[in-house]
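Residue numbers (this note's numbering): 44 to 586.
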């Protein structure tokens with residue numbers, strides 16, 4: 044019999060969204076935070092740029108809203124954009140009060156002088172409004188939140204636990220003939236303890252998905268290994284709708300080097316004057332957009348992709364060497380040190396770069412409070428579709444979304460938590476008919492095949508024929524993986540591959556629905572914008 048845990052609130056994911064929510068709720072609830080790897084392994088820790096919020100007296104909420112709407116290419120929910128921008132400063136002040144040390148302007152020595160934060164500018168923004176901690180903002184936020192969580196006795200942190208699937212009341216009442224007519228509700232999850240390699244379960248009043256995005260579905264990604272679309276896949280299997288899964292953001296500038304892994308070069312480099320150059324040293328962005336290097340990410344990524352293919356080049360170059368050496372070292376110490384270790388001195392030479400899958404703009408559909416279609420289930424952060432990003436996420440709005448919607452979800456959850464609750468015994472995980480796999484090579488082969496054809500067929504530039512080929516491949520993979528899943532004990536690679544294949548299908552089907560080019564979705568068969576503006580919504584078939 045598998046071990047069962049019980050709590051008031053289960054948060055699946057330990058990035059900025061999950062930890063912020065845990066801290067907000069811990070005053071009145073027993074909280075469990077599930078972390079698939081070590082607590083700092085998620086995307087938040089690696090975020091370099093910063094968080095967008097109006098702190099400058101020359102800036103305005105209206106301007107932040109307008110910039111976001113432009114970047115979103117007509118698909119943003121304007122009410123959600125305004126709600127997010129209006130709540131940005133309050134959420135940032137909360138983060139500052141937790142101890143995050145954002146960069147400040149040098150004091151002038153004036154009497155009564157107030158702290159003034161150094162604000163940088165990134166692509167798509169018309170003002171300097173990005174609060175940052177040098178070029179390692181995510182690390183500063185994550186480590187601060189982790190310290191707060193670990194010192195909080197109402198929060199239990201489960202590290203190295205994979206969530207397998209959500210448990211609903213219909214799972215318990217599986218023999219009820221009328222189950223399809225009743226509204227289902229989420230009551231917990233099956234979780235795989237990577238430390239013991241045993242499946243356990245956890246019952247909770249409220250369950251929150253904060254699992255991040257799905258960029259690991261692509262061959263080249265800036266994301267850490269844990270970004271495998273787990274929350275999106277679990278929510279879909281449990282009956283939740285997803286939206287705008289075709290909009291996958293490719294960060295224009297990832298370091299191109301055999302030993303670099305997935306090292307991202309922050310948007311703030313271009314915000315501070317870095318220029319994109321061809322191998323011969325000439326600039327190319329002014330030919331593609333009047334905003335040049337400060338154009339939104341989708342435009343910059345396509346321009347780089349176009350130039351690489353046109354010239355048959357392995358990479359393009361990002362050059363900030365024309366700026367003073369002290370300025371570069373002060374503002375970009377992490378990037379300076381990392382590239383120097385690889386033999387590149389960014390104060391003297393350009394940096395080789397390529398685009399890489401970076402952010403999932405679509406996700407599980409939620410309302411303004413983070414609620415999904417399934418009762419008691421919430422989703423916040425990159426796993427969710429809020430309507431903020433539309434067809435293209437504007438730089439530094441992602442961490443902001445985590446903070447704003449974590450606060451909103453906390454306020455809604457607090458109103459509905461019961462003081463005393465009867466913990467239900469959850470269905471036992473039955474692995475009596477499965478064996479240990481002796482064919483791990485099958486998983487590895489399927490993994491590489493999936494990521495390669497997603498990159499080739501469902502990447503920065505798409506066609507209908509490529510999408511059809513990708514769908515055919517993914518359906519074959521799904522059958523193989525389902526059979527494998529039924530016959531062998533779970534493992535980290537198997538669980539991630541199962542989820543990535545599911546998410547890949549959702550991305551492909553969403554892309555096939557959109558008969559236009561808009562934002563991050565660019566297809567050669569429909570290169571123009573459609574007059575009809577609509578969100579792509581997929582609904583799972585009822586079980």
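Ideal Cβ placement from N, Cα and C applies to all residues, glycine included. This structure is a prediction, so every number in the text was calculated from the model and none was measured.
Beta-bridge partners of residue i, as assigned by DSSP
{"i": "residue 135", "result": "In DSSP, residue 135 forms no bridge with anything."}
{"i": "residue 243", "result": "234"}
{"i": "residue 95", "result": "173"}
{"i": "residue 58", "result": "Answer is none; residue 58 lacks a bridge partner."}
{"i": "residue 89", "result": "None, per the DSSP bridge assignment."}
{"i": "residue 353", "result": "Its beta-bridge partners do not exist; DSSP assigns none."}
{"i": "residue 208", "result": "233"}
{"i": "residue 421", "result": "251 and 414"}
{"i": "residue 78", "result": "202"}
{"i": "residue 408", "result": "428"}
{"i": "residue 581", "result": "285"}
{"i": "residue 264", "result": "400"}
{"i": "residue 320", "result": "326 and 360"}
{"i": "residue 460", "result": "Bridge partners of residue 460: none, in fact."}
{"i": "residue 228", "result": "418"}
Residue j beta carbon less than 7 angstroms from that of residue i
{"i": "residue 397", "j": "residue 331", "result": "no"}
{"i": "residue 597", "j": "residue 434", "result": "The chain is shown only over 44 to 586; residue 597 falls outside these bounds and no answer can be derived."}
{"i": "residue 336", "j": "residue 312", "result": "no"}
{"i": "residue 272", "j": "residue 252", "result": "no"}
{"i": "residue 164", "j": "residue 314", "result": "yes"}
{"i": "residue 114", "j": "residue 328", "result": "no"}
{"i": "residue 399", "j": "residue 297", "result": "yes"}
{"i": "residue 124", "j": "residue 254", "result": "no"}
{"i": "residue 547", "j": "residue 517", "result": "yes"}
{"i": "residue 88", "j": "residue 181", "result": "yes"}
{"i": "residue 52", "j": "residue 72", "result": "yes"}
{"i": "residue 287", "j": "residue 579", "result": "yes"}
{"i": "residue 206", "j": "residue 77", "result": "yes"}
{"i": "residue 583", "j": "residue 235", "result": "no"}
{"i": "residue 81", "j": "residue 243", "result": "no"}
{"i": "residue 549", "j": "residue 260", "result": "no"}
{"i": "residue 48", "j": "residue 245", "result": "yes"}
{"i": "residue 443", "j": "residue 94", "result": "yes"}
{"i": "residue 172", "j": "residue 108", "result": "no"}
{"i": "residue 495", "j": "residue 262", "result": "yes"}
Residue i in three-state terms, based on DSSP
{"i": "residue 180", "result": "helix"}
{"i": "residue 306", "result": "coil"}
{"i": "residue 362", "result": "strand"}
{"i": "residue 370", "result": "helix"}
{"i": "residue 445", "result": "helix"}
{"i": "residue 521", "result": "helix"}
{"i": "residue 51", "result": "strand"}
{"i": "residue 552", "result": "helix"}
{"i": "residue 311", "result": "helix"}
{"i": "residue 329", "result": "helix"}
{"i": "residue 147", "result": "strand"}
{"i": "residue 394", "result": "strand"}
{"i": "residue 291", "result": "strand"}
{"i": "residue 564", "result": "strand"}
{"i": "residue 500", "result": "helix"}
{"i": "residue 573", "result": "coil"}
{"i": "residue 156", "result": "coil"}
{"i": "residue 197", "result": "coil"}
{"i": "residue 220", "result": "With a pLDDT of only 46 at residue 220, under the threshold of 50, the placement of this residue in the model should not be trusted, and no figure is reported."}
{"i": "residue 506", "result": "coil"}
Status (buried if at least 16 other CB within 10 Å, exposed otherwise) for residue i
{"i": "residue 157", "result": "exposed"}
{"i": "residue 183", "result": "buried"}
{"i": "residue 220", "result": "Here the model assigns residue 220 a pLDDT of 46, short of 50, so the residue's position is not dependable, and the following value carries that caveat. Exposed, because fewer than 16 other Cβ atoms sit within 10 Å of the Cβ of residue 220."}
{"i": "residue 91", "result": "buried"}
{"i": "residue 576", "result": "exposed"}
{"i": "residue 506", "result": "exposed"}
{"i": "residue 574", "result": "exposed"}
{"i": "residue 277", "result": "buried"}
{"i": "residue 59", "result": "buried"}
{"i": "residue 228", "result": "exposed"}
{"i": "residue 239", "result": "exposed"}
{"i": "residue 600", "result": "No statement about residue 600 is possible, as the shown extent of the chain runs from 44 to 586 and does not include it."}
{"i": "residue 473", "result": "exposed"}
Exercise for review: Pair every Cβ in the stretch 405-417 with every Cβ in the stretch 138-151, then say whether three or more of these pairs are closer than 8 angstroms.
Suggested key: The stretch 405-417 is not in contact with the stretch 138-151.
Check your understanding: Per the contact definition of three or more C-beta pairs closer than 8 angstroms, is the stretch 415-426 in contact with the stretch 385-395?
Key -> Segments in contact, no.
Check your understanding: For the stretch 468-480 against the stretch 143-150, are there 3 or more C-beta pairs whose distance is under 8 angstroms?
Key -> Here the stretch 468-480 makes no contact with the stretch 143-150; the two share fewer than three CB pairs at distances below 8 angstroms.
Check your understanding: Can we say the stretch 446-459 touches the stretch 477-487, given the rule of at least three CB pairs closer than 8 angstroms?
Key -> Contact between the stretch 446-459 and the stretch 477-487 is absent, because fewer than three Cβ pairs lie under 8 angstroms.
Point to revise | Cβ contact check for the stretch 443-452 and the stretch 62-70: 3 or more pairs under 8 angstroms | key: Segments in contact, yes.
Check your understanding: Is the stretch 364-379 close to the stretch 333-351, with three or more CB pairs under 8 angstroms?
Key -> No, they do not touch.
Review point. Between the stretch 342-356 and the stretch 378-392, do three or more beta carbon pairs fall short of 8 angstroms?
Key: The stretch 342-356 vs the stretch 378-392: no contact.
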